[in-house]
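What follows is a set of notes on a single structure, which appears directly below.
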């Protein structure tokens with residue numbers, strides 16, 4: 018059984034930074050699942066399609082190539098908005114499930130961040146974190162990333178509010194904290210403090226997981 022770390026949370030909460038840091042420290046592969054949806058949305062935009070067209074978005078998701086995730090354009094504000102729009106389609110989510118399941122099944126484990134990792138993609142993950150922060154803090158963080166693109170803080174805050182509503186209200190795999198996920202609010206934390214808190218959460222989860230595996234092995238023996 019692989020040691021999967023599921024890191025969920027809303028946009029700009031710091032989950033990607035936390036997840037990538039854990040992956041580096043533990044030597045595990047990392048998947049930013051949001052890039053999958055960004056890649057679908059970006060591909061639709063390039064082709065002149067509509068992210069709100071469920072059939073077109075689903076077909077695009079089925080044709081997604083892993084190399085598409087390397088496109089720098091996926092980090093733009095426009096790609097993030099398109100990702101949020103295509104992610105509401107059940108067909109898109111179903112098309113990307115196999116990719117994510119295969120990634121999570123790797124040995125000795127993996128770190129995956131997104132919005133439904135601990136609830137849908139890897140519900141049995143030994144370690145689950147739900148990373149969040151206040152809307153104002155998240156908007157400021159995202160603005161620092163995008164201000165060179167001429168975006169105002171007020172625009173980013175409005176985008177954050179819209180994405181939160183869309184992600185939480187969708188009928189398929191809405192953004193919710195898994196019952197067994199540990200809440201990590203990074204509103205008042207530096208990157209280093211958030212990384213340290215996440216590390217301690219994962220260390221505790223791994224200790225419980227290893228103890229459980231030993232117990233199962235002794236029962237079989």
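Residue numbers (the numbering used here): 18 to 238.
Built from N, CA and C at the ideal position, the CB exists for glycine as well.
No experiment lies behind these values; they were computed from the predicted model shown.
Alpha carbon of residue i to alpha carbon of residue j, nearest angstrom
i           : j           : result
residue 98  : residue 233 : 45 Å
residue 204 : residue 236 : 44 Å
residue 217 : residue 72  : 43 Å
residue 164 : residue 155 : 14 Å
residue 52  : residue 190 : 17 Å
residue 36  : residue 135 : 13 Å
Residue i in three-state terms, based on DSSP
i           : result
residue 47  : strand
residue 149 : strand
residue 167 : coil
residue 114 : helix
residue 70  : coil
residue 193 : coil
residue 181 : helix
residue 61  : helix
Identity of the residues DSSP links to residue i by a beta bridge
i           : result
residue 20  : 126
residue 108 : BP columns for residue 108 are empty, so no partner.
residue 131 : 25
residue 219 : DSSP, once it has assigned bridges, lists no residue as partnering residue 219.
residue 144 : 22
Assigned exposure category for residue i - 16 Cβ within 10 Å defines buried
i           : result
residue 65  : exposed
residue 208 : exposed
residue 123 : exposed
Would you call the region 160-174 in contact with the region 55-72, where contact means no fewer than 3 C-beta pairs closer than 8 Å? No, the region 160-174 does not touch the region 55-72.
For the 8 Å Cβ check, are there 3 or more pairs between the region 18-29 and the region 85-92? no
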